[in-house]
Every structure is written in structure tokens, then in C-alpha cells.
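Below you'll find the structure, written out as C-alpha cells, and then a few comments.
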Ligand SMILES: Cc1cc2nc3c(=O)[nH]c(=O)nc-3n(C[C@H](O)[C@H](O)[C@H](O)COP(=O)(O)OP(=O)(O)OC[C@H]3O[C@@H](n4cnc5c(N)ncnc54)[C@H](O)[C@@H]3O)c2cc1C
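Numbering (this note's numbering), first residue to last: 1 to 407.
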């Protein structure tokens, strides 16, 4: 990911839209705003770290899937696939836009129990009814299709190889950001540290360098810092916290003869093809999956030795020669209320928008959610895909829309 040199100060003292956070969500909103017919307002994106080094965006495994358990997430994923496939044409077929299409090796959910098979079947029916290519496989069929996988303990699996796999999420952010800037959006390297509210409006924000800016609309796209940013506007109930997620890249002596789908082992370890001879594997913590300090990026556990290597070398015996070549720990911006994104206006502060809480699926949800927030700002309503099921109001009203299929 390039580290662009943004200015630290703004060119004006008022903006029609200020977006806090310039990673995948913030950049998608900026990009969709400049592309939204009827919008000619001023847009400022404030990003405290333009290298995005510690953002969830940078840590992403860059995968996309339609195997969700809620209709809205399936529809969001379908838009993401269309968006990525048409990426070049959205930039006027600029030959410099290097966003390769989706690598369609699919997701393979492995089930080792009748109970989980029933859940997969129910999800598969919903996904198929919406046009996704998911189908169920018996353990024998899994063995037939992926002979290198150990299947003795399996009951079934679900697989979709249509518009599901991995994509260049970081390339997408980089290009959305570049095109937004070329179309008049200002990005600055600074931090929003304070907000002044007046009844039901945020009137102004204060930056780290003391600069004050008055705002018409403000968007919280601050990832794991979303709750902290919301408190600046007196919103103290945003249920978002940072959760550890580990990723390792490894190579093997003898690569598999075909692509490995993003395979979700019943242990929660998930792995997929990465390069021609190497693989990506990720997992949640070994211990309890609890909130961590947003500044803490340490490897708190021996996840490779204790969890990942035993799991992958059992599931794929050829991976006994696995050697780690890279690793990182990133934070999910985890919505503890229902593991789903929170999109749209606050109920009391009438110019405060959310685009937060993606709980591990924000790279693929950025296109649809960025478009939705842009539509709300420009038209006061969703125009393409109605995301009102993801509105903030469900939190104070106690109406969770739980997404079960969180990896
Ligand atoms: C290990 C891991 C693997 C993942 N894999 C996938 C995957 O395969 N597929 C998928 O779809 N999703 C995946 N995700 C989730 C996805 O990466 C995130 O949901 C998504 O990147 C969130 O983007 P965001 O822009 O909302 O937040 P972030 O990427 O966290 O960006 C928020 C930005 O806001 C800035 N900011 C915060 N506060 C302020 C402030 N006060 N002032 C100025 N700037 C501020 C931060 O510096 C940051 O750059 C993964 C996440 C992790 C951690």
C-alpha cells in the first residue's frame, strides 16, 4: 500500500461533508459521493495515518463471499462482486487501474456435525434463493473435488465458486482514493480530536493541530476507533470494540495441484491459496475473543505452534512442510451487538452518519455501504439498495440483526 503524502491542513474552514477515516469505508464514501449525480459539495477526508498501517483495511485477507446468513449481507456481497468486476470501466477503462478480477476459488465451509450441516443447508437455501451459486457437498464429494483434504471427520460442506474468493481490496482502496482526490475531494493527514454539537447537529470539528472546521454533514468511518469518535458527539452507546485476528502466510515444499478455496475448518482456522506456492491462514485468538486495546498489536499467543500448524497439517497432510514467510495481527472492528455493519444516520444527531462495525467483512462491504452513505447524504434516502436494516436505530431499540456467518 503506498503511503501518500497528504497535506496536514485544509484549504477552507467549512465542508459540506467531513469523513473521519480514509481507509476502505471512508474512501468508498468519498468515491461514491463524487460519482453521485446531483452532488457538487465540498468533501474533506481526515485520516490520522495515510499509510493505513494499523487499519483493519491493511490487515484484511481480501476475501469476498456470498455465503452469509442474512439477506442484506448477501445482497451487499453481490454488489461488491459487480463493483470489482466492473472496476476498470468505472474509471473510464483507464489502463493504469490495476485491479484484477475476483479469484473465484470460492469458500468451502466444512461441517463436522449434523447440527452445523443443518445451519449450512438453511443458509444455502437463502443464498440460492437470491441467486448465489452455493451448493452442499457430502464428505465424499469434498474428497472427490479436493483429494488433498482430510475428510474423515466431516459430515458435509458448502461451496460457492461464483463471484466468491479473493480480490485486490487494497488496490481498490488506493484507486478509489486517487480518483476521489482527482475529482476534488481533499484528504488530509490529521486527526479529529473534538466535536462541537448544538442540539441535534455537529457544528464543527477540531483537528489535532488545533484547526477548527465547520461541517454540514459528518461521517464516522473510523474503524476500531468508531466508538471513540462517536463519544466526541455525545454518542456513548456504539457497540464496537477491537478484537485480535491473526494471519500467516506460509510456503510448502510441494504445492497443491489446484487452488485451495477459502476453507473454513470446524476449529475456526481458515486457509486459502495465496500465491503459486504459498497459502494464507488466519484465526481468532486461542483464548477468549475479547476486546483489546486499539494500540496493542502484539502477538499475545503462540497461535502458529499451538493452533494453526496442528490444524492445517492435519486437514491437509501436504502442509506438514509449511514454513511461515509472513504474519500479522490486525483488529476486527467488532460490533458486539449483532456482528453487522451500522450504516446511516444517528437518531438524534441529524447530521452524523455511521459507516462502521463490519466485524470482519468490511473490505467486501465497502462498495455497497459507501454507495449507501453517499446516497443518504445526497438524496436523504437509499436509492440503489435499501440498507435500513443496518441502521443505527436498531441499537437503542434493542433489535439485533445477527449475522451468524462471521469468520
Ligand atoms: C485480520 C483481518 C482480516 C480481514 N479479512 C477480511 C476479508 O477477508 N474480507 C473482508 O471483507 N473483510 C476483512 N476484514 C475486515 C476489513 O478489513 C474491515 O472490516 C475493513 O477494512 C474496515 O474498513 P474501515 O475503513 O471501516 O476501517 P479501518 O480500515 O480500520 O479504517 C479506519 C480509519 O480511520 C482512521 N481514524 C480513526 N480515528 C480517526 C480520527 N479520530 N481522525 C482521523 N482518522 C481516524 C484510522 O487511522 C483508519 O485508517 C479483515 C480484518 C482483519 C483485521
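Glycine included, C-beta positions come from ideal geometry on N, C-alpha and C.
Using the C-alpha atoms, what's the distance from residue j back to residue i?
i: residue 82; j: residue 75; result: 11 Å
i: residue 160; j: residue 307; result: 27 Å
i: residue 203; j: residue 349; result: 11 Å
i: residue 191; j: residue 11; result: 16 Å
i: residue 59; j: residue 99; result: 18 Å
i: residue 298; j: residue 336; result: 22 Å
i: residue 393; j: residue 230; result: 15 Å
i: residue 110; j: residue 386; result: 32 Å
i: residue 240; j: residue 340; result: 10 Å
i: residue 329; j: residue 286; result: 13 Å
i: residue 95; j: residue 153; result: 48 Å
i: residue 105; j: residue 145; result: 12 Å
i: residue 227; j: residue 57; result: 17 Å
i: residue 178; j: residue 147; result: 44 Å
i: residue 372; j: residue 89; result: 20 Å
i: residue 267; j: residue 25; result: 30 Å
i: residue 438; j: residue 103; result: With the chain represented from 1 up to 407, any question about residue 438 goes unanswered, as that position is not in the structure.
i: residue 257; j: residue 85; result: 26 Å
i: residue 363; j: residue 169; result: 6 Å
i: residue 166; j: residue 309; result: 23 Å
i: residue 259; j: residue 5; result: 38 Å
i: residue 186; j: residue 91; result: 19 Å
i: residue 264; j: residue 113; result: 14 Å
i: residue 253; j: residue 332; result: 32 Å
Are residue i and residue j close, meaning C-beta to C-beta below 8 Å?
i: residue 107; j: residue 262; result: yes
i: residue 352; j: residue 342; result: no
i: residue 127; j: residue 117; result: no
i: residue 291; j: residue 243; result: yes
i: residue 43; j: residue 33; result: yes
i: residue 151; j: residue 403; result: no
i: residue 255; j: residue 277; result: yes
i: residue 195; j: residue 181; result: no
i: residue 312; j: residue 17; result: no
i: residue 223; j: residue 247; result: no
Within the same chain, show all residues whose beta-carbon is closer than 8 Å to that of residue i, passing over the 5 residues directly before and after it, in chain order.
i: residue 274; result: 249, 280
i: residue 14; result: 42, 213, 214, 215, 216
i: residue 365; result: 73, 76, 77, 80, 341, 358
Might you give, ordered along the chain, the residues of its own chain that have their beta carbon closer than 6 Å to the beta carbon of residue i, omitting 5 neighbours on each side?
i: residue 51; result: 3
i: residue 334; result: 241, 243, 359
i: residue 338; result: 400, 401, 402
Tell me, which residues are paired with residue i by DSSP?
i: residue 278; result: 251
i: residue 204; result: 196, 214
i: residue 263; result: 108, 271
i: residue 346; result: Paired residues: none, contrary to the question.
i: residue 333; result: 242
i: residue 369; result: DSSP output for residue 369 lists no bridge partner at all.
i: residue 156; result: 111, 138
i: residue 175; result: None; residue 175 has no bridge partner.
i: residue 326; result: 249
i: residue 18; result: 44, 218
i: residue 417; result: Residue coverage of the chain in this structure runs from 1 to 407, which leaves residue 417 outside it and unanswerable.
i: residue 352; result: 218
i: residue 103; result: 166
i: residue 291; result: 243
i: residue 232; result: Answer by DSSP bridge pairing: none, since residue 232 is not bridged.
i: residue 283; result: 246
Could you tell me if residue i is buried or exposed, where buried requires 16 or more neighbouring beta carbons within 10 angstroms of its beta carbon?
i: residue 61; result: buried
i: residue 38; result: exposed
i: residue 20; result: buried
i: residue 220; result: buried
i: residue 381; result: exposed
i: residue 123; result: buried
i: residue 317; result: exposed
i: residue 323; result: exposed
i: residue 270; result: buried
i: residue 65; result: buried
i: residue 8; result: exposed
i: residue 245; result: buried
i: residue 47; result: buried
i: residue 27; result: buried
i: residue 321; result: exposed
With a threshold of 7 Å on Cβ separation, who are the neighbours of residue i within its own chain once the five nearest residues in sequence on each side are excluded?
i: residue 208; result: 190, 191, 193
i: residue 383; result: 375
i: residue 29; result: 19, 219, 221, 355, 370, 373, 374
i: residue 314; result: 150
i: residue 301; result: 285, 286, 287
i: residue 391; result: 343, 344
i: residue 157; result: 108, 109, 110, 111, 137, 142
i: residue 87; result: 97, 99, 172
i: residue 120; result: 109, 111, 136, 156, 158
i: residue 101; result: 84, 85
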